[in-house]
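Undergrad: In this note's numbering, the protein residues as written are -3 to 526. All C-beta atoms in this analysis are idealised placements derived from N, C-alpha and C, irrespective of residue type, glycine included. In this text, all values refer to a predicted model and were calculated from it rather than measured experimentally.
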């Protein structure tokens, strides 16, 4: 994306999360006078590294990198701005409650304890994984493209739809039929049809629903697994990585790239409202009353916060307003960060096993039972867990010989009966006890703990409903339907106002594609004079 010869004017970006930083870089590189406004005291949104005790640093919310756009990484030269990986292609070790485990990577069983995996299951897993990778690959190209509108004669939309159809057709007749058969169904049934081992099914079932308001039996949970597998690390689809310095290192590199491009980045600058003159966005007003005029405003806030709070219902027609109000944004995940005086011992695992990703998802049925509680605003008795010990790969995160443990807790409802303020400490105690079942000495090594609930994600990170995807990932809130018809191509019904956050296509995860796509749309409108 090259700069125009004429001055494109001023662009204000609301929010310094990764998508806002990506959009800032591309627009500044194209000659825009970019001012990015972040409410918090540091850039990065939920992809930050924070101190949980003196000398102990942990990835505050997001903790594994697997979806970062290779286009963004290449264009913005993130390696030259300090981004490096402490670990690539992490193994996944899934634990059962009796002390057994299975270790997986790229659809292969690396090792298993207690009950060996049958040769048939190993072959079926490899075959299923290859097929899912193929299906995810057919979708991957469209992560970095504006989703087409339906029912129009716009040439670009028709071309994109045609290419999508061609990508599916090139899968071959048999695989295309299989894709169309399973795309809208639940991941549980697919796993039941193909596999026997419960630990393998539990690992894939949890991957399909992490961060969503879905269980493995929920319709559409297969497409969310394909979405996750569309990422690539070190050339491997669906692979997982740990950035050196935690996830904050990713957004620090993005911030350096934006500054190198000429963008102005301001922290401690919460936006109170978007300014409108006539029928166009013309800047923002901060909480302290300061105004920042602009030729256009690009919001990295979630759609509900953008339209209902920052813009206001009075600027929207009733049909669009109704669609925004009906967006589902129910957070279901909490984050537990632990500072430890030493390395905990997990039953049946070696120190090398602990260097990967550890799951507590003994079966797909276990994950589904954990989800059942969320439907009624209750805490799961036994939530599913995704655990990393990043200090085994990056000793800079803790004092010598000490460690941090990072745990995504699924499920924990945003709308908890009785409220989170009363339940927080009891739930943290329950989680420590659950971890102690697998790592008996962990409580004795505990120095400090930090529990971030979905309510905290809303309060501290400004994610409506505590939903880290800025809107649930579901078939009716996906692709050209994301976030809603009328705002599915980054431009909004109000001229001069754009969206660039995870609430847009392609969705959440530390990806950067929404920021890239939004910048492309801004530049295309600029070129067209709109």
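(1) Which value, in whole angstroms, describes the spacing of the CA atoms of residue 40 and residue 116?
(2) Out of curiosity, what's the CA-to-CA distance linking residue 179 and residue 191?
(3) If I'm right that residue 19 touches residue 515 with Cβ under 8 angstroms, what's the distance once you round it to whole angstroms?
(4) Going by the beta-carbon positions, is the gap between residue 111 and residue 254 smaller than 8 angstroms?
(5) Please list, in chain order, all residues of the same chain as residue 534 whose beta carbon is under 7 angstroms from its beta carbon, the five residues on each side excluded.
(6) How far does the beta strand (DSSP E) with residue 55 in it extend, from its first residue to its last?
(7) Ignore the nearest five residues each way along the sequence and tell me which others in residue 4's own chain have a CB closer than 6 angstroms to its CB.
(8) So, helix, strand or coil for residue 441, using DSSP?
(9) Looking at residue 337: is its Cβ nearer than 8 angstroms to the Cβ of residue 443?
(10) Whole angstroms are fine: how far does the CA of residue 16 sit from the CA of residue 9?
(11) I'd like the list of long-range same chain contacts for residue 176, defined as Cβ closer than 8 angstroms, with 5 residues on each side in sequence excluded.
(12) Look at the alpha carbon of residue 140 and the alpha carbon of residue 418, and state the distance between them as a whole number of angstroms.
(13) Give the C-beta separation of residue 402 and residue 55 to the nearest angstrom, bearing in mind that I take them to be a contact with Cβ-Cβ under 8 angstroms.
(14) What is the DSSP secondary structure of residue 331, counted as helix, strand or coil?
(15) Less than 8 angstroms between the C-beta atoms of residue 450 and residue 327, yes or no?
(16) Are residue 84 and residue 393 touching if we call contact CB-CB under 8 angstroms?
(17) Return the bridge partner residues of residue 446 from the DSSP annotation.
(18) Taking Cβ positions, are residue 289 and residue 437 nearer each other than 8 angstroms?
(19) For residue 8, does the three-state DSSP call read helix, strand or coil?
(20) Distance, Cα to Cα, residue 291 vs residue 305?
(21) Consult DSSP for residue 425 and reduce its assignment to one of helix, strand or coil.
(22) By the three-class DSSP mapping on this structure, what secondary structure does residue 289 have?
(23) Among all the DSSP beta bridges, which residues are the ones paired with residue 46?
(24) Cα separation between residue 343 and residue 99?
(25) Tell me whether the stretch 88 to 99 and the stretch 271 to 279 touch, counting them as touching only if at least three CB pairs, one residue from each stretch, are closer than 8 angstroms.
(26) Apart from the five residues on each side of it in sequence, which residues of its chain come closer than 6 angstroms, Cβ to Cβ, to residue 223?
(27) For residue 29, list the residues DSSP reports as bridge partners.
(28) Where does residue 22 sit, in a helix, a strand or coil, going by DSSP?
TA: Put simply:
(1) 45 angstroms
(2) 18 angstroms
(3) 5 angstroms
(4) no
(5) Residue numbering for the chain in the displayed model covers -3 to 526; residue 534 lies beyond these limits and cannot be assessed.
(6) 52 to 55
(7) 27, 28 and 522
(8) helix
(9) yes
(10) 7 angstroms
(11) 164
(12) 43 angstroms
(13) 5 angstroms
(14) strand
(15) yes
(16) no
(17) 333
(18) no
(19) strand
(20) 21 angstroms
(21) helix
(22) strand
(23) 54
(24) 14 angstroms
(25) no
(26) none
(27) 6
(28) helix
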